[in-house]
Amino acid sequence: MTRGIVRIGAAVLAAGALLSATGATAGAWPIPLTDVDYRYLNATRGVFPGDDDQLLTAGRQICRLLYTGQHTQDAIDAMVGQYGATPDQAAVAVRAARSTYCTQAPG
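FYI, in mature numbering (1 follows the signal peptide of the UniProt record, and there is no 0) the residues of the sequence shown are -26 to -1, 1 to 81.
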């Protein structure tokens, strides 16, 4: 009888550990995207190099550049250098970021 209780207790502890480990992962990922994220992705997918994560990162980097006083051409040049995009591809990303993420950016 004692062995049975120990087995049941061990099974309950193992199940609890398993559920808590997977629960933390499921709650943290995937990060939900907003409508603004989708508009930016739709404007840049297939035009600017990279997967969705890289596109989203580039869009936020563009805004950071624009909000810290960089001009549009500076942001384009930075995206060309960092992501290996052509100037035309980078210009699309900058226009998309400006129209979605950083609509109040100067310049």
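Cβ atoms here follow ideal geometry from the backbone N, Cα and C, with glycine treated the same way.
Q. Looking only at its own chain, which residues have a Cβ that is under 8 Å from the Cβ of Gln28, when we skip the five neighbours before and after it?
A. Position 54 of the sequence shown, counted from the first residue, corresponds to residue 28. Here the set comprises Tyr57.
Q) Given that a residue counts as buried once 16 or more other Cβ atoms are within 10 Å of its Cβ, and exposed if not, what is Val10? A) Against the sequence shown, residue 10 aligns to sequence position 36. So Val10 counts as exposed.
Q | Simplified DSSP assignment, three categories, for Leu7 | A | Walking along the sequence shown from the start, residue 7 turns up at place 33. In the structure shown, the three-state DSSP call for Leu7 is coil.
Q. Who are the near neighbours of Val66 in its chain, counting only those whose CB is closer than 8 Å to its CB and skipping five residues on each side?
A. Looking up residue 66 in the sequence shown gives position 92. Within the same chain, Val66 has close Cβ partners Ala17, Thr18, Val21, Phe22.
**Q.** Backbone CA spacing between Thr8 and Thr74 [nearest angstrom]
**A.** Residue 8 sits at position 34 when you count from the first residue of the sequence shown. Residue 74 sits at position 100 when you count from the first residue of the sequence shown. The alpha-carbon atoms of Thr8 and Thr74 are separated by roughly 11 Å.
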